[in-house]
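J.: This is the structure I have questions about; it appears just below.
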Amino acid sequence: MQVPIYTLPLFSKLDILLQDTLRNISVEDWQQPTISPQWTVGDIAAHLLDGNLRALSMLRDQYFGESPKEGEALVPFLNRLNAEWIRVATRLSPQVILHLLQQSGEEYRSFLHSLDPWATATFAVAWAGEEESANWFHIAREYTEKWHHQAQIRMALGHLSPLLESDLYLPFLDTSVRVIPHHFEAYQGKGNSMQIVVKDLAKATYTFVKSEAGWQQTASKAQLSTKIVLEKAHAWRYFVKGIRRDQAEHFCQWEGEKDLFEHFLEAKAIMA
């Protein structure tokens, strides 16, 4: 059984940080580009609003709305929904988006608090390879979504540091590394153990070992095939398509089997 990660108490703090940031930026800042291709600060704020509204509609109200078109796979479907919403949201002022973020955020947090953490979630955490997930893992996945999109906004504005405090950052990392065992299921390269360390962040050391049952996270010491040390300010980017392949080695150090390191670079704890 997985050790649960309880992130729900952090949602309020995360939402307040986002609202305080967006409330104090200019219209020009709203148009600042981010590391997410083609998305501005305002686009990501609108995407976070869409996340609240869609979650309330589907999970609380059991209204699922649009389905994939015939032959449309899940990831292209999600990308299309995201793009359509961003296009329509350009009609909304920053003030309207901020107001709706605050209102929908309160409702969404209230709904999440009503869930039994150990009951089966409506949607499994697919990027972790699960076909069925407990609500606590679904909520942790939602936390990583809110965390990393706010990080994209803050990085564009030069105010990332509040999210790098351990109380907010560690839960993001603890959840995101759950992608590693699933990602390495099909790995055929050299090496059977790996450690990921986030530099200058206490308790951010993650060790994985391959056994007959597959790759598993372990707290025990192991003879490492590969050790990867990520820079604190950039570690999150490796899990959310936030760093180009040609940039990857600029923000980390590694030693050991190169096959393991290069396969790690393809691990992504998001769907779209």
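Residue numbering for the sequence shown follows this note's numbering, starting at 109 and increasing by one per position. A virtual CB, placed ideally from N, CA and C, is assigned to each residue, including glycine.
#1: Could you compute how far the alpha carbon of Arg188 sits from the alpha carbon of Asp123?
#2: Kindly indicate if chain D contains any beta-carbon less than 9 Å away from that of Lys307.
#3: To the nearest angstrom, report how far apart Val131 and Tyr171 are at their CA atoms.
#4: Taking C-alpha atoms, which residue in Asp275, Thr334, Arg286, Leu309 lies nearest to Glu370?
#5: How about Glu239 and Gly299: are their beta carbons less than 9 Å apart?
#6: Within 10 angstroms of its Cβ, does Gly173 collect 16 or more other Cβ (buried), or is it exposed?
#7: With a 10 Å radius around its C-beta and 16 neighbouring C-beta atoms as the bar for buried, classify Trp226 as buried or exposed.
#8: Mind reading off the beta-carbon distance from Ile143 to Gly350? Whole number of angstroms is fine, and I expect it under 8 Å.
#9: Alpha carbon to alpha carbon, how far is Ser274 from Ile336? Give it in angstroms, no decimals.
#10: Taking only three categories from DSSP, how would you classify Lys254?
#11: Three or more beta-carbon pairs under 8 Å between the region 143-162 and the region 246-262, yes or no?
T.: This is what the structure gives:
#1: Answer to the nearest angstrom: the Cα atoms are 26 Å apart.
#2: The question asks about chain D, but that chain is absent: this structure has only one protein chain.
#3: According to the sequence provided, residue 131 is Arg. The question's Val does not apply to it. When rounded, the distance between both Cα atoms is 31 Å.
#4: Checked all of Asp275, Thr334, Arg286, Leu309; the closest Cα to Glu370 is Thr334.
#5: For Glu239 and Gly299, no; Cβs fall outside 9 Å.
#6: Exposed, by the Cβ-count rule.
#7: Flag for Trp226 reads exposed.
#8: In this structure Ile143 touches Gly350 by the C-beta definition: roughly 5 Å separates them, less than 8 Å.
#9: Those two C-alpha atoms are separated by around 20 Å.
#10: Assignment of Lys254 by DSSP, reduced to helix, strand and coil, places it in the helix class.
#11: Result yes; three or more Cβ-Cβ pairs closer than 8 Å.
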